[in-house]
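Only one structure is covered here, and it is reproduced in the block below.
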Amino acid sequence: VQGSGVPRIFALSDSGNLMPEPSAPRTAPPGRAGSSGPPATFPSSRVGGGSSYMEEMYFAWLENPQSVHKSWDSFFRKASEEASYGLAQPRPPSVVPESRPAASGRTKTSKLVEDHLIRGHHVAQLDPLGILDADLDSFVPSDLITTIDKLAFYDLQEADLDKEFQLPTTTFIGGSEHTLSLREIIRRLESTYCQHIGLEFMFINDVEQCQWIRQKFETPGVIPSILALLSPSRFEDFLARKWSSEKRFGLEGCEVMIPALKTIIDKSSEMGIENVILGMPHRGRLNVLANVIRKDLEQIFCQFDPKLEAGSGDVKYHLGMYHERINRVTNRNITLSLVANPSHLEAVDPVVQGKTKAEQFYRGDAQGKKVMSILVHGDAAFAGQGVVYETFHLSDLPSYTTNGTVHVVVNNQIGFTTDPRMARSSPYPTDVARVVNAPIFHVNADDPEAVIYVCSVAAEWRNTFNKDVVVDLVCYRRRGHNEMDEPMFTQPLMYKQIHRQVPVLKKYADKLIAEGTVTLQEFEEEIAKYDRICEEAYGRSKDKKILHIKHWLDSPWPGFFNVDGEPKSMTCPATGIPEDVLTHIGEVASSVPLEDFKIHTGLSRILRGREDMTRKRTVDWALAEYMAFGSLLKEGIHVRLSGQDVERGTFSHRHHVLHDQEVDRRTCVPMNHLWPDQAPYTVCNSSLSEYGVLGFELGYAMASPNALVLWEAQFGDFHNTAQCIIDQFISTGQAKWVRHNGIVLLLPHGMEGMGPEHSSARPERFLQMSNDDSDAYPAFTQDFEVRQLYDCNWIVILLPFRKPLIIFTPKSLLRHPEAKSSFDQWYQVWTSFQRVIPEDGAAVRAPEQVQRLIFCTGKVYYDLVKERSNQGLDEQVAITRLEQISPFPFDLIKQEAEKYPGAELVWCQEEHKNMGYYDYISPRFMTILGRARPIWYVGRDPAAAPATGNRNTHLVSLKKFLDTAFNLQAFDGKTF
1 VQGSGVPRIF
11 ALSDSGNLMP
21 EPSAPRTAPP
31 GRAGSSGPPA
41 TFPSSRVGGG
51 SSYMEEMYFA
61 WLENPQSVHK
71 SWDSFFRKAS
81 EEASYGLAQP
91 RPPSVVPESR
101 PAASGRTKTS
111 KLVEDHLIRG
121 HHVAQLDPLG
131 ILDADLDSFV
141 PSDLITTIDK
151 LAFYDLQEAD
161 LDKEFQLPTT
171 TFIGGSEHTL
181 SLREIIRRLE
191 STYCQHIGLE
201 FMFINDVEQC
211 QWIRQKFETP
221 GVIPSILALL
231 SPSRFEDFLA
241 RKWSSEKRFG
251 LEGCEVMIPA
261 LKTIIDKSSE
271 MGIENVILGM
281 PHRGRLNVLA
291 NVIRKDLEQI
301 FCQFDPKLEA
311 GSGDVKYHLG
321 MYHERINRVT
331 NRNITLSLVA
341 NPSHLEAVDP
351 VVQGKTKAEQ
361 FYRGDAQGKK
371 VMSILVHGDA
381 AFAGQGVVYE
391 TFHLSDLPSY
401 TTNGTVHVVV
411 NNQIGFTTDP
421 RMARSSPYPT
431 DVARVVNAPI
441 FHVNADDPEA
451 VIYVCSVAAE
461 WRNTFNKDVV
471 VDLVCYRRRG
481 HNEMDEPMFT
491 QPLMYKQIHR
501 QVPVLKKYAD
511 KLIAEGTVTL
521 QEFEEEIAKY
531 DRICEEAYGR
541 SKDKKILHIK
551 HWLDSPWPGF
561 FNVDGEPKSM
571 TCPATGIPED
581 VLTHIGEVAS
591 SVPLEDFKIH
601 TGLSRILRGR
611 EDMTRKRTVD
621 WALAEYMAFG
631 SLLKEGIHVR
641 LSGQDVERGT
651 FSHRHHVLHD
661 QEVDRRTCVP
671 MNHLWPDQAP
681 YTVCNSSLSE
691 YGVLGFELGY
701 AMASPNALVL
711 WEAQFGDFHN
721 TAQCIIDQFI
731 STGQAKWVRH
741 NGIVLLLPHG
751 MEGMGPEHSS
761 ARPERFLQMS
771 NDDSDAYPAF
781 TQDFEVRQLY
791 DCNWIVILLP
801 FRKPLIIFTP
811 KSLLRHPEAK
821 SSFDQWYQVW
831 TSFQRVIPED
841 GAAVRAPEQV
851 QRLIFCTGKV
861 YYDLVKERSN
871 QGLDEQVAIT
881 RLEQISPFPF
891 DLIKQEAEKY
901 PGAELVWCQE
911 EHKNMGYYDY
921 ISPRFMTILG
931 RARPIWYVGR
941 DPAAAPATGN
951 RNTHLVSLKK
961 FLDTAFNLQA
971 FDGKTF
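Residue numbers (full-length UniProt numbering): 1 to 976.
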């Protein structure tokens, strides 16, 4: 090869790159980077102005071994050690030794191998329709041999095709052979990289991982034949015959997804996996339930009966399932869980990951060798939905990793009616996976054997490296978005081709019959057998009159409910804590349990403050939280707190993780030093994500009822970035899927002049989604409080059932001198949650003299108490706090209103009138009062933004509504 007029000889490195063979080699200085022997020899020539990549890595390593990837560090150390013993340099990544000249054959074919390795996927035959390339780049790399005339690019000729060439030491295409003819080299490269499988992995910066993938796909071998397409294909045909006018989101065009998933599960089971958690969209879901999880067919078919009694529920292609069975391939037990999901595509991704993480945690499966997750995606959603990116970025975080997920993309090459060219800017829909160095295996879905092989390798990859991997099934959608949709309106040419397309089952069956693997008679008998199974199940399904939703649970809690799925009792246990336990927790919270651990001086003051409160038998919010968590840990209940900056707390109040000021990354969590046999406490800062992380914690809370799982927003205002999880899972999960969940949301809230994005957690939105009836006058039975909680869709923990709980947490009150409680209230008075805190001052001593009773909640209480004192109205005005807004405490509000018969009733809030709580509490007050007395509003006027960004405007509006609250003539002459 000529360069700058100087002849140079080249060799092929392990990565497939051309490496110049030096005429005067550079040598490493002796004794560098831990090498004590003779220096390794590496090239110094430059080609086309670009330096040798390995040379750059080597000399960077000499300067600092930690500056290069660990795989390079390992290689260079080994090279130096072997050089010291006079051994040959190891192969990956290698340069031809100085004493042996490079073979001309290897010189001329090196670039050829490299190009197929890196860019062969661009010319792979991935589209079963033959219309488009799987990627959106129409460009075909000019340096790939697609025609004989391109041989000249590599300084080769047609006459060289039958000459023997020495193979690079790093390729596996030769098997045990070291030389092959050029014709055979090209054939094998094209067979590996340019047929029905397209590989993207050379962006991975780990040499070992790249070599592992090369060996799996370059090693010649025969893939065993399979006949697993029959059941998914006939299942779809059966549904189409019986319910031709029903939406079912069939799998036609990608029936191969069923054997693909089964292969991943079977291979994983073979390697020790016992529990697989799946998440997927609606397309093909019924097929997965029937043929992967093996749900009884009659339970699926009865879902099509419009007369079936199913309560609220959800559509059949959203439901989940939990099933334990024997894996037929490995004869081992395996548990499969398909997580229920909404129509909001990809929203289930972080939920699945959270549930997987929890299952691994409870099993002590730190390496993910027993529990794994599989996520199925659509091509348009995988590229378009941001939660995919958020979920990927959780994949390698210590408190969120699930040790690798297998992603299967059903690439229909269309999204509803949108062409891929209008749906994404990236060449492939899978390019988002590159951000975490996940290998991407594209495969033509009309080649079942290629699909099965790729899925087997994907399962092995996940088990070997504990990293994500993507399988891109390039397929088509035989029908429209659903069975009632007409795709010819928008994709006429594509669907003309689809109508001509031979179904994959027939195509593959013809191949197997032609090869003699099966006979036509055997094939037809198998079809008749499966059809008969479906018909018999269809007959039994007609007897089903009631849908037993417990058969569709994706996360059952064995032993927590009775056999009918109901709570074992309807009583709420006392939650008071003995004083010695409070004192012990307080002492640990104000100490550093580790020796020689230097904390920040500012933190020392905070710990002394906790110690002082403990000695005085008082608690503020931060210490109260510490004691609540600590008392649960003592009882063996796992506590997990997650969110942005939760370790310290947004407002620097929590400090559950202490950092050594002199030793990098040395930390201490005192909460894990309370008792020798306590449950573990997990507190973890999350990535800067709400949607993905809240979904993750929701999934985590699904796994067990005996844990307290909390997600805290940095500010409550930011929860709306996760609105999809709140609306589709948390608020409605039990109604749609009978899924109990005890997730707790901590949302800092309060109007404090910090602007419209740092003030409101939007309580009105949560209240609007609450399901208690504002017009129904309740019957106050003995178990009214617990029964009301059971009937609602969210609140509270430590009950014989689980409900999501939304807490609007304080900001300025974290350090308010009046916002404290005594130990006496914790273990003598408040041994259960106080839904309402009544007035306990001067007004309560003469209730008949009280002229105004103000109801409120949150921080505004302290503003009201201060203003009442300033105006000297302690005997004329009573103030009652609502600690539980929903479900509405009808019984206690009735008691309070009757206690002050002559008082005006006022609702006071610091939020604007069209926000906050007023629209929720007003009709409920009217119901409990029989509309005999009004409940007047005092607060800020309606507004579009939740708060002002001007400090003075904030204070003026605060003074205005406080004046109104204590103007006892403010409502004279007004009617309601």
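The beta-carbon is built from N, C-alpha and C at its ideal position, and this holds for glycine as well.
The structure displayed is predicted, hence computed values, not measured ones.
Item	Value
Chain-order list of residues whose beta-carbon lies under 6 Å from that of residue 593 (same chain, five-residue window excluded)	670, 673
Inter-stretch contact at 8 Å, needing at least 3 Cβ pairs: the stretch 842-855 / the stretch 897-911	yes
Distance, residue 647 Cα to residue 117 Cα	45 Å
Bounding residues of the alpha helix (DSSP H) (the contiguous stretch that carries residue 923)	918-928
Boundaries (first-last residue) of the alpha helix (DSSP H) holding residue 462	448-465
Neighbourhood of residue 7 by C-beta distance below 6 Å, restricted to the same chain and skipping five residues each side	The pLDDT assigned to residue 7 is 33, lower than 50, so where the model puts this residue is not dependable, and the model offers no usable value.
Expected contact under 8 Å - CB spacing of residue 124 and residue 173 to nearest Å	Contact flag wrong, Cβ pair sits at about 16 Å.
Test item: CB-CB of residue 643 and residue 763 under 8 Å	no
Simplified DSSP assignment, three categories, for residue 561	strand
N-terminal and C-terminal residue of the alpha helix (DSSP H) that residue 622 is part of	621-634
Beta strand (DSSP E) runs contained entirely in the stretch 365-390, provided each spans 3 or more residues	371-378
Continuous beta strand (DSSP E) stretch holding residue 711: start and end	707-712
As assigned by DSSP and simplified to three states, the class of residue 910	strand
Sequence-distant residues of its chain with Cβ nearer than 6 Å to residue 288 (five each side left out)	none
Residue 609, enclosing alpha helix (DSSP H) - first and last residue	601-615
Where the beta strand (DSSP E) through residue 166 begins and ends	164-166
Every unbroken beta strand (DSSP E) within the stretch 396-444, with a cutoff of 3 residues, ordered by chain	405-411, 440-444
Nearest-angstrom Cα separation, counted from residue 534 out to residue 256	20 Å
Distance between beta carbons of residue 284 and residue 251, contact taken as under 8 Å	4 Å
Exposure of residue 558, with buried meaning 16 or more beta-carbon neighbours within 10 Å	exposed
Cβ separation of residue 369 and residue 272, assumed to be a contact under 8 Å, to the nearest whole Å	5 Å
Strand pairing of residue 324, partner residues [DSSP]	335
Supposed close pair residue 200, residue 180 - CB separation, criterion 8 Å	Not really, about 25 Å apart at Cβ, beyond 8 Å.
Residue closest to residue 131, alpha-carbon to alpha-carbon, out of 412, 729, 338	412
Sub-8 Å separation of residue 742 and residue 705 beta-carbons	yes
Straight-line gap, residue 121 to residue 194 (C-alpha atoms, nearest Å)	6 Å
Residue 541 - DSSP class collapsed to helix/strand/coil	helix
Rounded distance between the beta-carbons of residue 781 and residue 836, thought under 8 Å	That belief does not hold up - the Cβ atoms of residue 836 and residue 781 are roughly 18 Å apart, past 8 Å.
Exposure label - residue 502; buried when at least 16 CB within 10 Å	exposed
Cβ pair count under 8 Å reaching 3, the stretch 445-465 against the stretch 515-529	no
Residue 504 to residue 228 span [Cα, whole Å]	11 Å
Touching by the beta-carbon criterion (3+ pairs, under 8 Å), the stretch 260-277 and the stretch 424-431	no
Straight-line gap, residue 470 to residue 114 (C-alpha atoms, nearest Å)	22 Å
Residue(s) in a DSSP beta bridge with residue 197	443
Backbone CA spacing between residue 720 and residue 540 [nearest angstrom]	46 Å
Whether residue 344 touches residue 724 by CB criterion (8 Å)	yes
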